[in-house]
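Numbers 3 to 312, taken from our numbering, label the letters of the sequence shown in order.
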Amino acid sequence: MAAERGAARATLDAYRRDLTDVATLAAGRGRALADLDRAFIAGYLERLAGRGHAPATAARKLSALRQFFRFLYADGRRADDPTAALDSPKRRRPLPKILSEAEVDALLAAARAVPGVEGVRLKALLDLLYATGLRASELVALPLAAVRAEQPFLIVRGKGAKERMVPLGSEARASLAAYLAVRAAFLPKPDDAAAAPRASTWLFPSRGRSGHLTRQRLFQLIKRVAADTGLRPAKVSPHVLRHAFASHLLAHGADLRAVQQMLGHADIATTEIYTHVLEERMRTLIAKHPLADTAPASAPTPGARGLRKT
């Protein structure tokens, strides 16, 4: 997965945890992970359901097992794939959690109210999340080279190490320029306090081991400003801002394919979770159609009846 699919570290860690979970259960019964059969894996999935795990969790774990056994089969280490005939647990696709435009405005206003360089960085982080729809992992790992003063877009390396260009609006560019002016305050400090700060290739440097702001710290900052706004911290996260970015774009007439490209979705089916926004906009447009309100109430025309029902 790392070498051939370019999977991110978080994805690799998740697959490792899922496979370790099954391997531990199998070892307790005197069996090796690579030798499991269809009956054992089906029983494992039933065990998950019995413990109250969500279908999405079971589906994710089955996906990890499928990747593993497909690899063993393709590599000639097994003569069969025990997951081939297993169906994924049925799951409903929930609507994405989003913030209203007014809630996002309040969040950005609260970030502007934070004093000093911390407030400048916080405003830049929130503006970039909402203006670009970046994933949290993509934002914190942006290299300094991704930002070019003469170009109104970011170059982002997303899942599978695929690069994409994401346009930046004027407000996001202004927030980013203000942050770059104070970025030196966040550079790692050397042991010698009198020495100059260490250089960093990251847009959002940090003194931590990774060298850049972590996803965990980004979550903390966002939830803190959400609390200052009066929003429930549990309601606000980088991914919720990503959903808001996509939903608000579509609500204002953006093309679904363009939103797919900006989000970095490999398949437009992933972007289609936002079609509820398009459906709502369609209902609004139809409600404004001249035939929607002008037909006599006593004898509505077939066309008007259809419009009202829609």
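Glycine included, every Cβ here is placed at the ideal spot set by N, Cα and C.
- DSSP links Phe-155 through a beta bridge to Pro-169.
- Collapsing the DSSP output to three states places His-267 in coil.
- According to the DSSP assignment, Leu-21 belongs to the alpha helix (DSSP H) that extends over 11-29.
- In terms of Cβ geometry, Ser-90 and Ala-61 form a close pair [threshold 8 Å].
- In the structure shown, His-55 falls within a coil segment according to DSSP collapsed to helix, strand and coil.
- Rounded to the nearest whole angstrom, the CA to CA distance from Thr-134 to Arg-31 is 49 Å.
- Contact check for Ile-224 against Ser-239 passes: the beta carbons are separated by less than 8 Å.
- One Cα belongs to Ala-36, the other to Ala-87, and the distance between them is close to 17 Å.
- Inclusion of Leu-233 and Glu-105 in the CB contact set at 8 Å is warranted, their separation being smaller than that value.
- Cβ atoms of Thr-85 and Phe-71 come within 8 Å of each other, at about 5 Å.
- One thing to note: Lys-125 has its Cβ no nearer than 8 Å to the Cβ of Arg-137.
- Contact between the stretch 254-268 and the stretch 148-157 is absent: fewer than three C-beta pairs spanning the two stretches fall below 8 Å.
- For Asp-129, the enclosing alpha helix (DSSP H) has its first and last residue at 118-134.
- Taken through DSSP and simplified to helix, strand or coil, Pro-240 comes out as helix.
- Closest in C-alpha terms to Ser-65, from the list Leu-252, Asp-230 and Ile-43, comes Ile-43.
- Contact between Leu-215 and Val-142 holds, since their C-beta atoms are separated by about 5 Å, short of 8 Å.
- For Pro-235, the secondary structure class from DSSP, reduced to helix, strand or coil, is helix.
- With a cutoff of 8 Å on beta-carbon distance, Ala-180 and Val-116 are scored as not near each other.
- The Cβ neighbour count for Gly-160, taken over all protein chains shown within 10 Å, is at least 16; the residue is labelled buried.
- If you draw a straight line from the Cα of Ser-172 to the Cα of Gly-8, it is about 33 Å long.
- Within the DSSP secondary-structure output, Pro-207 pairs in a beta bridge with His-214.
- Straight through space, the alpha carbons of Ala-34 and Arg-80 are spaced by roughly 13 Å.
- Setting aside the 5 residues that flank it on each side, Leu-50 is surrounded in the same chain by Ala-60, each with a C-beta closer than 6 Å to its C-beta; the list follows chain order.
- Unbroken alpha helix (DSSP H) stretches of 4 residues or longer found wholly inside the stretch 68-115: 103-114, given in chain order.
- One alpha carbon belongs to Arg-175, the other to Leu-131, and they sit about 12 Å apart.
- Here Thr-273 is buried: its Cβ has 16 or more other Cβ atoms, across all protein chains shown, within 10 Å.
- Contact annotation: Ala-28 and Leu-38 have beta-carbon atoms nearer than 8 Å.
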